[in-house]
Amino acid sequence: MNYSAAKSQHILGGTIRIFLAEALLLPTGIVTAGFLTRQFGPEGYGLFTLAATLIAWVEWSVTSVFTRTTIKFVGEADDWHPVATTVLRLHLAVGCAAMLLVWLCAYPIANLLDERAIAMYLILFAIDIPLFCLAYAHRSILVGIGGFNQRANATAGRWIARLLLILLLVELGLSIPGAILSTIGASIVELAISRCYIRPSLLTHSSFPPRQLANYAVPLFMFALSMRLYDKLDLFALKVLGGTAAEAGFYGAAQNLSLIPGIFSLSFSPLLLSSLSRTLHNGDIESAKKMSQNALRAIVAILTVAGMIAGAAPEIVQLIFGNAFLSTAPLLAILIFGAIALAMISTTTAILTAASKPNWTFVLTAPLVPLAVVGYTLVIPLWGAIGAAWVFTLCATFGAAVTVGAVYYLLHVLPPASTVLRSCLICASVYAIAAIVPTQGLLLLLKLFGITLLIPLLFWLLGEFSQAEIYQIILLLKSKLKHQKSH
1 MNYSAAKSQH ILGGTIRIFL AEALLLPTGI VTAGFLTRQF GPEGYGLFTL
51 AATLIAWVEW SVTSVFTRTT IKFVGEADDW HPVATTVLRL HLAVGCAAML
101 LVWLCAYPIA NLLDERAIAM YLILFAIDIP LFCLAYAHRS ILVGIGGFNQ
151 RANATAGRWI ARLLLILLLV ELGLSIPGAI LSTIGASIVE LAISRCYIRP
201 SLLTHSSFPP RQLANYAVPL FMFALSMRLY DKLDLFALKV LGGTAAEAGF
251 YGAAQNLSLI PGIFSLSFSP LLLSSLSRTL HNGDIESAKK MSQNALRAIV
301 AILTVAGMIA GAAPEIVQLI FGNAFLSTAP LLAILIFGAI ALAMISTTTA
351 ILTAASKPNW TFVLTAPLVP LAVVGYTLVI PLWGAIGAAW VFTLCATFGA
401 AVTVGAVYYL LHVLPPASTV LRSCLICASV YAIAAIVPTQ GLLLLLKLFG
451 ITLLIPLLFW LLGEFSQAEI YQIILLLKSK LKHQKSH
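Position 108 (the sequence shown) corresponds to 108 in UniProt numbering; numbering is contiguous.
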């Protein structure tokens, strides 16, 4: 097996492991969302979603400052411990500062949203920020040193703990504060699991200076801040421009159901960055180009999953949230395609970062926020939540096209036209199947499972996979089966 093929198999195996761990967010998140919507109702769930969305935006913005930088420097270091210590200290310092900032801004934010009750929720939720930052620092370090299994185990522990704690504390009558405390507890669980594998010190001297991270961290921070703001701007714009708490609940529920592309990119992009950085550092440009094109190809291919979800959106919403949330279905059918576009942006910017172009990531994506603000201001007063969903998706698609163009300018690679054509054809086909064949309950799950199996079969029948790729997949499956039998 050549170097490029071995790298591709390594990325594929790591992506599958981490994706499966992150994918626990789906069943646990669906059960959690279904439980909380029934416990809180549309208004209470809307308030919880607003608070959770704001805190999540802060947490992901802070951690995104260092995530790609950490993976790059840890992966290239002969001794990763000094880098890890510096990164851990930065995460803790910035996380504590962000917590204090949320405490100071809680009541002004509540006044802006015209929801006084949300202030105390934000104050309590902010305690999670430094804990989440520490846990996420360990995630990045594990990826940097190649600890994909350990990274997956820590993530799986988070989602399982969050589900169990929410069911327990909310059922005990703690209501929204109970759900918030459960999220804090989940961060503690993930941090504890990670510390079982690696224990970078906060107190020992580190020879790795923080300013060495600046050349990458500063532009990547601006990129992360811009994308996190864009990612949740639609929900807050809807509320500020006249939407009710119930409408925010419907919209937040749709966002929660459009997580699959984000989970995939969260699993895939860090591994791509790590492997591509080493490949380019070794001067293997052709392998880097092939790796980049396969990455773009993978994102285009998951467009088919979006088609399935969009077609079955009313049935999915009814199963998970009940009839009271049926207004979520048309929002989900639009937002899922916007999520695909954001996954493409995540992948292309990982390629640009690996190619030592971190400044490009912010320059190319910064216009999305002002563009979206103009769109929301014009569209939401006329078309409400549906208008917000369309603006989100169209702006994200524009951003994806721009960053794909940048990758082409730099490396002269594009997603294969044949893959784009096949993906669009299969997307339309599975959308029609999901929409035309009515199902409920267990039959819906069977239908979605069947369509999921049908998608790779259709790709194979249409000639998407080469013989070498089929061989790599077979080798990977055999190695996993052999590993399981040995245990």
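Cβ atoms here follow ideal geometry from the backbone N, Cα and C, with glycine treated the same way.
Could you give the DSSP three-state label for ALA355: helix, strand or coil?
Sequence index remark: in the sequence shown, residue 355 carries index 355 (1-based). Correct three-state label for ALA355: coil.
How would you call ALA401, buried or exposed, if buried means at least 16 neighbouring beta carbons within 10 angstroms?
By 1-based counting over the sequence shown, the position of residue 401 is 401. The residue is exposed, with fewer than 16 neighbouring Cβ atoms inside 10 Å.
Touch test, the stretch 164-171 against the stretch 132-146, Cβ-Cβ under 8 Å, three pairs minimum:
Contact fails between the stretch 164-171 and the stretch 132-146, because fewer than three Cβ pairs, one in each stretch, are under 8 Å apart.
Given a cut-off of 9 Å on the beta-carbon distance, is the pair ILE299 and ILE334 in contact?
For this step, residue 299 is matched to residue 299 along the sequence shown. For this step, residue 334 is matched to residue 334 along the sequence shown. Not in contact: ILE299 and ILE334 (Cβ atoms no closer than 9 Å).
Less than 9 Å between the C-beta atoms of GLY144 and SER274, yes or no?
Residue numbering aside, residue 144 sits at position 144 when the sequence shown is read from its first letter. Residue numbering aside, residue 274 sits at position 274 when the sequence shown is read from its first letter. Taking 9 Å as the Cβ cut-off, GLY144 and SER274 qualify as a contacting pair.
Just verifying my parser: in three-state terms, what is the DSSP assignment at ILE145?
Mapped onto the sequence shown, residue 145 falls at position 145. Reduced to three states, the DSSP call for ILE145 is coil.
When burial is assigned at 16 or more other CB atoms within 10 Å of the CB, is GLN440 buried or exposed?
Here the question's residue 440 lines up with position 440 in the sequence shown. Flag for GLN440 reads exposed.
Own chain partners of THR32 with C-beta closer than 6 Å, once the 5 adjacent residues on each side are dropped
By 1-based counting over the sequence shown, the position of residue 32 is 32. Around THR32: LEU163, ILE166.
How would you label ARG38, buried or exposed, when you count the other beta carbons within 10 angstroms and need 16 or more for buried?
As a position in the sequence shown, residue 38 is number 38, starting the count at 1. When all chains shown are included, ARG38 counts as exposed.
What is the DSSP secondary structure of GLU315, reduced to helix, strand or coil?
Counted from its first residue, the sequence shown places residue 315 at position 315. Helix, per DSSP.
Do you know how far the Cα of ALA396 is from the Cα of LEU124?
Translated into the one-based positions of the sequence shown, residue 124 becomes position 124. Translated into the one-based positions of the sequence shown, residue 396 becomes position 396. Straight-line Cα distance between these residues: approximately 32 Å.
Given ALA106, which residues of its chain have a CB within under 7 Å of its CB, disregarding the five upstream and five downstream residues?
For the purposes of this step, residue 106 is identified with residue 106 of the sequence shown, where counting begins at 1. Correct list, in chain order: ALA119, LEU122, ILE123.
Between PRO270, THR328, ALA217, which has its C-alpha nearest SER258's C-alpha?
Along the sequence shown, one-based indexing puts residue 258 at 258. Taking only the C-alpha atoms, the option nearest SER258 is THR328.
7 Å CB neighbourhood of TYR230 in its chain, flanking five on each side removed
Counted from its first residue, the sequence shown places residue 230 at position 230. Closer than 7 Å at Cβ, skipping near neighbours: LEU368, VAL369, ALA372.
Cα separation between CYS383 and ALA77?
For the purposes of this step, residue 383 is taken as residue 383 along the sequence shown, with counting starting at 1. For the purposes of this step, residue 77 is taken as residue 77 along the sequence shown, with counting starting at 1. According to the sequence provided, residue 383 is Trp. The question's Cys does not apply to it. Near 52 Å, if we compare the C-alpha coordinates of ALA77 and TRP383.
6 Å CB neighbourhood of ILE55 in its chain, flanking five on each side removed:
Here residue 55 refers to the residue found at position 55 of the sequence shown. Excluding sequence neighbours, ILE55 sits near PHE125.
If you reduce the DSSP assignment to three classes, tell me which class GLN440 lands in.
Locating residue 440 in the sequence shown gives position 440, counting from the first residue. Reduced to three states, the DSSP call for GLN440 is coil.
Close beta carbons around MET308, own chain, < 6 Å, minus the five adjacent residues each side
Position 308 of the sequence shown holds residue 308. The answer, listed in chain order, is VAL430, ALA434, ILE451.
Which two residues bound the contiguous alpha helix (DSSP H) that contains ARG195?
In the sequence shown, residue 195 corresponds to position 195, counting from 1. From DSSP, the alpha helix (DSSP H) with ARG195 extends over 175-197.
What distance in whole Å lies between the Cβ atoms of PRO42 and GLY249, which are believed to be in contact at a cut-off of 8 Å?
Numbered from 1 along the sequence shown, position 249 holds the residue referred to as residue 249. Numbered from 1 along the sequence shown, position 42 holds the residue referred to as residue 42. Confirmed, about 4 Å.
Mind checking which residues open and close the alpha helix (DSSP H) that includes GLU247?
Reading the sequence shown from its first residue, position 247 is the one you call residue 247. Element bounds for GLU247: 245-257.
What do you get for THR204, buried or exposed, if any count of 16 or more other CB atoms within 10 angstroms of its CB means buried?
Counting from 1 along the sequence shown, the entry for residue 204 is found at position 204. Per the 10 Å Cβ criterion, exposed.
Please state whether the Cβ-Cβ distance between ASN153 and ILE193 is less than 9 Å.
Translated into positions along the sequence shown, residue 153 becomes position 153. Translated into positions along the sequence shown, residue 193 becomes position 193. In this structure, ILE193 lies closer than 9 Å to ASN153 by Cβ.
The stretch 345-364 in contact with the stretch 415-430 per 3-pair CB rule at 8 Å
no
Where ALA468 falls: helix, strand or coil (DSSP)
One-based indexing of the sequence shown puts residue 468 at position 468. The three-state reading of DSSP puts ALA468 in helix, counting H, G and I together.
Under three-state DSSP, which class holds VAL379?
Translated into the one-based positions of the sequence shown, residue 379 becomes position 379. VAL379 falls in the helix class under three-state DSSP.
Using alpha carbons as the reference points, say which of CYS196, VAL58, GLN212 lies closest to PHE73.
Within the sequence shown, residue 73 is the residue found at index 73, counting from 1. Of the listed residues, the one whose Cα sits closest to PHE73 is GLN212.
Answer yes if the stretch 49-67 comes into contact with the stretch 87-102, meaning at least three C-beta pairs across the two stretches below 8 Å, and no otherwise.
yes
Below-9 Å beta-carbon distance, PRO210 vs any chain B residue
Considering every chain present, this structure includes no chain B. It has just one protein chain.
For LEU241, collect the residues of the same chain with a Cβ closer than 8 Å to its Cβ; drop the 5 residues on either side in sequence, then sort them by chain order.
Counting from one through the sequence shown, the residue named residue 241 turns up at place 241. Here the set comprises TYR376, THR377, ILE380, PRO381.
Mind pulling the alpha helix (DSSP H) runs of 4 or more residues that sit fully within the stretch 75-141?
81-113, 118-125
Assuming THR69 and ALA217 are in contact, meaning their beta carbons sit under 8 Å apart, how far apart are those beta carbons, in whole angstroms?
Taking the sequence shown and counting its residues from 1, the one referred to as residue 69 is at position 69. Taking the sequence shown and counting its residues from 1, the one referred to as residue 217 is at position 217. Their Cβ separation, rounded to whole angstroms, is 5 Å, which keeps THR69 and ALA217 in contact under 8 Å.
Buried or exposed, going by whether 16 or more other CB atoms sit within 10 Å of the CB of VAL58?
Translated into positions along the sequence shown, residue 58 becomes position 58. With 16 or more other Cβ atoms within 10 Å, it is buried.
For PRO209, three-class secondary structure by DSSP
For the purposes of this step, residue 209 is identified with residue 209 of the sequence shown, where counting begins at 1. It is coil, neither helix nor strand.
Buried or exposed: TYR3, going by 16 or more other Cβ atoms within 10 Å of its Cβ?
The residue labelled residue 3 in the question sits at position 3 within the sequence shown. Model confidence at TYR3 stands at a pLDDT of 48, short of 50, so the residue's coordinates are unreliable; what they give is reported in the following sentence. It counts as exposed.
Might you give, ordered along the chain, the residues of its own chain that have their beta carbon closer than 6 Å to the beta carbon of LYS239, omitting 5 neighbours on each side?
Taking the first residue of the sequence shown as position 1, residue 239 is located at position 239. Once the five neighbours on either side are set aside, the close Cβ partners of LYS239 are LEU113, ALA248.
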